[in-house]
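Chemist: Each residue of the sequence shown is one higher than the last, beginning at 22 in the numbering used here. Note that beta-carbon positions come from the ideal geometry of N, C-alpha and C, so glycine has one too. It should be emphasised that the depicted structure is a prediction, and the values quoted were computed from it without experimental measurement.
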Amino acid sequence: MATIITSECINCGACEPECPNTAIYAGGAEWELNGVSSPALSDEIFYIVPSKCTECVGFYDHEACAAVCPVDCCIPDPDNLETEQVLLERARALHPDQTFPDDAPSRFRKDDGAATAASGNGASANGAVATSATVAAPAPPPAPATAEPEPVKAAAPSPPPPEAPATAVPPAPAAPEPTPPVTAAATAEASKTDGAATPAAMATAAELSEFDPATWEVPVVCHVCNASYTLPYRHFQIGTVFYCPSCSASFVPNKTIYEAVRKLFEGFYGQRKRQREEFERRRARELKIFEECQSADKQAFEQALDKLAHEMKPAGKLVKPRGLAAMFT
Ligand code: SF4
Ligand code: SF4
Numbered sequence: 022m023a024t025i026i027t028s029e030c031i032n033c034g035a036c037e038p039e040c041p042n043t044a045i046y047a048g049g050a051e052w053e054l055n056g057v058s059s060p061a062l063s064d065e066i067f068y069i070v071p072s073k074c075t076e077c078v079g080f081y082d083h084e085a086c087a088a089v090c091p092v093d094c095c096i097p098d099p100d101n102l103e104t105e106q107v108l109l110e111r112a113r114a115l116h117p118d119q120t121f122p123d124d125a126p127s128r129f130r131k132d133d134g135a136a137t138a139a140s141g142n143g144a145s146a147n148g149a150v151a152t153s154a155t156v157a158a159p160a161p162p163p164a165p166a167t168a169e170p171e172p173v174k175a176a177a178p179s180p181p182p183p184e185a186p187a188t189a190v191p192p193a194p195a196a197p198e199p200t201p202p203v204t205a206a207a208t209a210e211a212s213k214t215d216g217a218a219t220p221a222a223m224a225t226a227a228e229l230s231e232f233d234p235a236t237w238e239v240p241v242v243c244h245v246c247n248a249s250y251t252l253p254y255r256h257f258q259i260g261t262v263f264y265c266p267s268c269s270a271s272f273v274p275n276k277t278i279y280e281a282v283r284k285l286f287e288g289f290y291g292q293r294k295r296q297r298e299e300f301e302r303r304r305a306r307e308l309k310i311f312e313e314c315q316s317a318d319k320q321a322f323e324q325a326l327d328k329l330a331h332e333m334k335p336a337g338k339l340v341k342p343r344g345l346a347a348m349f350t
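#1: Using a Cβ-Cβ cut-off of 8 Å (strictly less than) and excluding sequence neighbours within five positions of tyrosine 264, which residues of its own chain qualify?
#2: Spatial neighbours of asparagine 42 within its chain, please: CB distance less than 7 Å, with the 5 preceding and 5 following residues excluded, ordered by chain position.
#3: When the Cβ atoms of the stretch 48-58 are set against those of the stretch 79-88, are three or more pairs found closer than 8 Å?
#4: Less than 8 Å separating the beta-carbons of asparagine 32 and phenylalanine 67?
#5: Which residue from Pro253, Glu228, Ser127, Ala23 puts its Cα closest to that of threonine 236?
#6: Quick check for students: name the residue ranges of the beta strand (DSSP E) that lie wholly in the stretch 75-107, counting only runs of 3 or more.
#7: With respect to 7 Å, is the separation between the Cβ of phenylalanine 67 and the closest non-hydrogen atom of ligand 2 below this value?
#8: Is it buried or exposed, valine 78, if we count other Cβ atoms within 10 angstroms and call 16 or more buried?
#9: Specify, as a first and last residue, the run of the beta strand (DSSP E) that isoleucine 375 falls within.
#10: Less than 8 Å between the CB atoms is what I'm expecting for valine 239 and threonine 225, so what's the real figure, rounded?
#11: Using a Cβ-based criterion (distance less than 7 Å to any ligand heavy atom), does threonine 236 qualify as near ligand 1?
#12: Please name the residue in Cys268, Gln258, Gly34 whose C-alpha comes closest to that of tyrosine 279.
#13: For serine 59 and valine 241, I'd like the C-alpha separation in whole angstroms.
#14: What did DSSP end up calling valine 251 once you bin it into helix, strand or coil?
#15: Buried or exposed for threonine 104, going by 16 or more other Cβ atoms inside 10 Å?
#16: Should cysteine 268 go down as buried or exposed, given a rule of 16 or more other Cβ atoms within 10 Å for buried?
#17: Tell me the rounded alpha-carbon separation between serine 230 and threonine 261.
#18: Using three-state DSSP, classify lysine 73 as helix, strand or coil.
#19: Could you give the DSSP three-state label for alanine 193: helix, strand or coil?
#20: Report the three-state DSSP secondary structure of valine 340 (helix, strand or coil).
#21: Tell me whether glutamate 84 counts as near ligand 1, meaning its Cβ is closer than 7 Å to at least one heavy atom of that ligand.
#22: Is any non-hydrogen atom of ligand 1 found closer than 7 Å to the C-beta of proline 41, if you look at the structure I gave you?
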C-alpha cells in the first residue's frame, strides 16, 4: 500500500526531505514525474503521490516519512494495499539508474531478512491484493524469477519506526520576495531625472520604510499553545519550518497560507504606495504652480518698485554747497 498523510498533518515539512522517491509535496504544490507536472493532490497539507511511494521499499526497512512525523500522521493507506514485490518494481521503475536486489531493504523484512507480507502495518495478510503499480515512469525491467510465495507471519507486529526527531531541518528559504524595496537612495536618484521632486523623494525615510518587505512581520497564533508571535515576511516561504517561541511547535506555511499572506501584504502596501505616490505627485504639481505664481508676483513687485523710483519727482530747490564743502564739489 502507499503511505498517506492524514488531516492531522501540521505542515511541519519534516517528512518531505526524507522521502527517497520525492513522493511528498507541500499542500498546493504541483507534483512532478519524469518532467511532467500534475496538479496538487491537496491544497492544505502535505501529501504523498501514491504512484511515487514505495513505502521506502528498496531504501529503508521502515517508512522514512512516518519515522520523522511528529504527529504520526503518515500511515499506510488501507484502501491501497500493495505487495512488497509491487513496491520493489516501482522503486526500480522510478530509479532506472539504480539496482535493487530482491533482498533490498524493506519494511517487510525488517526483523530477520525474510519477507513478511503481513507486516502489521495493515498489509494484506497473504499478499494477494496487488494493486497496479501504475507509475508513469519508464517501463520497469522484467520481474525477477523469484516470485515464490511469501511466508506469512500473521501476528507479526508492526515494526516501530525510529524515534521522531525533536526538530525538523527547515528547507533553505526560497529567494527573497520579488518586490523591490524602496530606498531613500533610489528615490533620491529618481528625483534627479526631471529636476523636480518626485513623489517618493518627498516622503520621509520613515514613510518609505513601511514599503520595504524586509520590515514586514507576519502575525501567527500557535496552533498548540495559542501564543502569538510574528515571523519575518521575507522568510515566510512555502515549506519553511518556523517554531513557536513558547512551546516550540512547528509552523510551516503551505501554498494556501503563503498566497493568502502575500496577497494581503502586497495588496495593502501596493495600493498604499500607489496612493502615496499619487498624492506626492499632486503635491509636487501644486507646489510648482505655487512657486511660479510667487516668482511672478515678486517680479511684478520689483518692476513696480523700479517704475515708482523713476517716477518720483519731489518738489524743492537746488542747495549749493558752501564753505569747505564747496571746495570739493
Ligand atoms: S513511505 Fe517512504 S517512499 Fe512513501 S512517501 Fe513516505 S518516505 Fe516516501
Ligand atoms: S512530518 Fe509534518 S508535514 Fe509531514 S506529514 Fe507529518 S506533520 Fe505533516
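Modeler: In short:
#1: By the criterion of a C-beta distance shorter than 8 Å, tyrosine 264 is surrounded in its chain by Thr188, Ala270, Ser271, Phe272, once the five residues flanking it on both sides are discounted.
#2: For asparagine 42, where only same-chain residues beyond five positions count, the Cβ hits under 7 Å are Lys73, Cys74, Thr75, Leu115.
#3: By the C-beta criterion, the stretch 48-58 is judged not to be in contact with the stretch 79-88, since fewer than 3 inter-stretch pairs fall below 8 Å.
#4: Yes.
#5: The option with the nearest alpha carbon to threonine 236 is Pro253.
#6: Runs found: 95-97.
#7: The answer is yes for phenylalanine 67.
#8: Under this definition valine 78 is a buried residue.
#9: As displayed, the chain neither begins before 22 nor continues past 350, which places residue 375 out of reach and without an answer.
#10: The C-beta distance from valine 239 to threonine 225 rounds to 25 Å, too long to meet the 8 Å contact threshold.
#11: Every heavy atom of ligand 1 is 7 Å or more from the Cβ of threonine 236, so no.
#12: When only C-alpha atoms are compared, the closest one is Gln258.
#13: C-alpha separation (whole angstroms): 31 Å.
#14: Looking at the sequence shown, residue 251 is not valine but threonine. Strand at threonine 251.
#15: So threonine 104 ends up on the buried side.
#16: Exposed, since its Cβ has fewer than 16 Cβ neighbours within 10 Å.
#17: Between the alpha carbons of serine 230 and threonine 261 lies a gap of roughly 25 Å.
#18: DSSP, read as helix, strand or coil, puts lysine 73 in helix.
#19: The pLDDT assigned to alanine 193 is 41, lower than 50, so where the model puts this residue is not dependable, and the model offers no usable value.
#20: In this structure, valine 340 counts as coil in the three-state DSSP scheme.
#21: It does: the Cβ of glutamate 84 is within 7 Å (strictly closer) of some heavy atom of ligand 1.
#22: Placement of the Cβ of proline 41 at a distance of less than 7 Å from at least one heavy atom of ligand 1 is found.
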